[in-house]
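These notes are about the structure you will find just below.
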Amino acid sequence: MNSLKLKKLLVHGGVAAGLGVGALGLGAGLAQADPPPPPPSPTVDVNVPPVPAVPAAPAIPAPPAIPAPPAVDVNVPPIPPIPAPPAIPSPPPIPPVPNVSVG
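All letters in the sequence shown, in the order written, are residues -33 to -1, 1 to 70 by mature numbering (1 follows the signal peptide of the UniProt record, and there is no 0).
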């Protein structure tokens, strides 16, 4: 009885191994397969109306004229000279300090 179970187990294992090896072979074969063809290009309707032309840009107006500079009055008096600053007075003398000898 045990030998029959062992034989069944071996048969089932062989079938499973065969299917697994086959699946591996299919996977390897698909990895090297050609890529699928590109999708078909869409058809173009020949009755499409043409695109309307872009209107021309409006004309740019000329800039305004630059006004003439104002007239210069030649009778303007000259600027008076700037007076010198006042003199700084000299400081007062320092008084001697009592009971201090110098020297």
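The beta carbon of each residue, even a glycine, is placed where N, CA and C say it ideally should be.
Practice task
May I ask you to report which of helix, strand or coil DSSP gives Ala23?
Solution key: Here residue 23 corresponds to residue number 56 of the sequence shown, with the count starting at 1. Correct three-state label for Ala23: coil.
Exercise for the section: Would you tell me roughly how many angstroms separate the C-alpha atoms of Val21 and Pro34, rounded to the nearest one? Expected result: The count along the sequence shown starts at 1 and reaches residue 21 at position 54. The count along the sequence shown starts at 1 and reaches residue 34 at position 67. Counting only the Cα atoms, Pro34 lies some 39 Å from Val21.
Handout entry: Asn42, DSSP secondary structure in three states
Key = For the purposes of this step, residue 42 is taken as the residue at position 75 of the sequence shown. In the structure shown, Asn42 sits in coil (DSSP, three-state: anything other than H, G, I, E or B).
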